[in-house]
Structure formats: structure tokens, C-alpha cells
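Colleague: Quick one: the structure is below, questions incoming.
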Amino acid sequence: MIEYLLLISIFLSGWNTANEHEFHLSKSLIEYAEDEKAIQITMHLFIDDLEDALKLKGIEKLYICTDKEAANAEEEVYKYLQENFSISIDNQALEYAFIGKEISEDLLAVWCYLEVTNVETFQQMEVMNRSLLEAFDDQKNLISIIGPNGKKGFFMLDKGKPTEIAKF
């Protein structure tokens, strides 16, 4: 938790007056809801970074979370996440549904909500998050996990290590 707060502090201190950030960071919470037998994922991505990454794929003018948002914006975001974010439990790949998205309070980021249903308890979770790594050499993807029995895990993924395993 201290590492998480330190990184957030560093990130916020790097914010400049033009609302451009000098440092690239996403954060995700992956939580196992035992009573619902579901894995619920919340991802926070800066809109400008996400749109830059999509532009590298030839996808432009989505205007994510604005009045001018393209009709296919949600579909393109979901496709991007499917290509760059995955979860496996006990060596079994999972498919998640895109529940929706919403803009952050500061209007700079998008919150994406994903869910995997019908999940029995598990011993380990492998998370791969390559989101935005193709666009920014300094990109860091923070992952917080709340697994079975409330056990917690935390790690930071980057170009050198886009995948990590949490054991419960």
C-alpha cells in the first residue's frame, strides 16, 4: 500500500499546469466477489494516453467520454483491452465482459468496468496488462488484487514485465 501511495504522490507531483502528465500510469483493481462468484475489474486510463495508443492502431477521432464521442468508441476500447489485458486463474484463461465506462471526476481519465462471472475460488491469478505500453516507454500499470478470502496482492507492470502471478 505504501508503494501505491508513493507512486500516486510521484505521479501527482509530476502534473503540470497544462494538464499534460510527464509520467504515464494506469491503475486497476481486480476483486474477487466470492458471494457473487465473479471477478470485477475496474481500470483507470488517461483518455489522452488511450487515444494515443488507439491512434497507433489507426483508430482516430473517438473523442472518448465527450459529447462528440464516436458511436464505436466503446467497442474500440473493449477490443483494445481484449488485446492488451488478460487474466488467468489456476492456468485457465478467462473471458471478461465489458460492463461499461465513465469519465473520472477530473475529466482526464476513463474508468472501464469489466467482469468475469461463474468463478469458483482459485489458488493463483495471472494478470497480463500491456495497456499503453506500445505508446509510452515509461508506462506503468499498477494492479491491486483482492482475491479469495480477502487476500490482497499488488504489483506494477511495465514493458520489462507485463505479466505477474498472485498466489492466494
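Heads up: the sequence shown runs through residues 22 to 189, numbered per the numbering used here. From the three backbone atoms N, C-alpha and C, an ideal C-beta is built for every residue, glycine too.
(1) For Glu24 and Ala92, what's the separation of their Cα atoms in angstroms?
(2) Rounded to a whole number of angstroms, what is the C-alpha to C-alpha distance between Glu72 and Tyr53?
(3) Could you give the residue range of the beta strand (DSSP E) that holds Lys76?
(4) Can you tell me the Cα-Cα spacing of Leu102 and Thr184, whole angstroms?
(5) For the alpha helix (DSSP H) containing Glu12, list its first residue and its last residue.
(6) Check this for me: beta carbons of Glu104 and Val137, under 9 angstroms apart or not?
(7) Just the Cα atoms here: how many angstroms apart are Leu154 and Lys161?
(8) If we ignore side chains and look at the alpha-carbon of each, how far apart do Lys58 and Pro169 end up?
(9) Residues in the same chain with beta-carbon distance under 8 angstroms from Ala118, minus the five sequence neighbours each way, listed in chain order, please.
(10) Our contact map puts Leu163 next to Lys48 with C-beta atoms below 8 angstroms; I'd like the distance itself, whole angstroms only.
(11) Taking all protein chains shown into account, do 16 or more other C-beta atoms lie within 10 angstroms of the C-beta of Leu128, making it buried, or fewer, making it exposed?
(12) How would you call Ile51, buried or exposed, if buried means at least 16 neighbouring beta carbons within 10 angstroms?
(13) If you count every other CB in all the chains shown that lies within 10 Å of the CB of Lys122, and 16 or more means buried, which is it?
(14) For Asn162, name the three-state secondary structure that DSSP assigns.
(15) Taking the straight line between their C-alpha atoms, what separation do you get for Ile124 and Ala130?
(16) Does Thr158 pass the burial test, meaning 16 or more other C-beta atoms within 10 Å, or should it be called exposed?
Modeller: This is what the structure holds:
(1) Low confidence applies to Glu24: its pLDDT is 48, below 50, so where it sits in the model is not reliable, and the reading given next is rough at best. Cα-Cα distance, rounded: 39 angstroms.
(2) It is roughly 29 angstroms from the alpha-carbon of Glu72 to the alpha-carbon of Tyr53.
(3) In the DSSP assignment, Lys76 falls outside any beta strand (DSSP E) and within the unbroken alpha helix (DSSP H) covering 68–77.
(4) Rounded to whole angstroms, Leu102 and Thr184 show a C-alpha spacing of 15 angstroms.
(5) Outside the displayed span of the chain (22 to 189) sits residue 12, for which this structure offers no information.
(6) Cβ distance not < 9 angstroms, so Glu104 and Val137 don't count as in contact.
(7) When rounded, the distance between both Cα atoms is 8 angstroms.
(8) C-alpha of Lys58 to C-alpha of Pro169: approximately 10 angstroms in a straight line.
(9) The answer, listed in chain order, is Leu135, Glu136, Val137, Thr138.
(10) With a Cβ gap of about 4 angstroms, Leu163 and Lys48 count as contacting.
(11) Counting the other Cβ atoms within 10 Å of the Cβ of Leu128 gives fewer than 16, which makes it exposed.
(12) Ile51 is buried by the Cβ-count criterion.
(13) Buried, since its Cβ has 16 or more Cβ neighbours within 10 Å.
(14) Secondary structure at Asn162: strand, using DSSP grouped into helix, strand and coil.
(15) When rounded, the distance between both Cα atoms is 6 angstroms.
(16) According to the sequence provided, residue 158 is Asp. The question's Thr does not apply to it. Counting Cβ neighbours within 10 Å, Asp158 comes out exposed, since fewer than 16 surround it.
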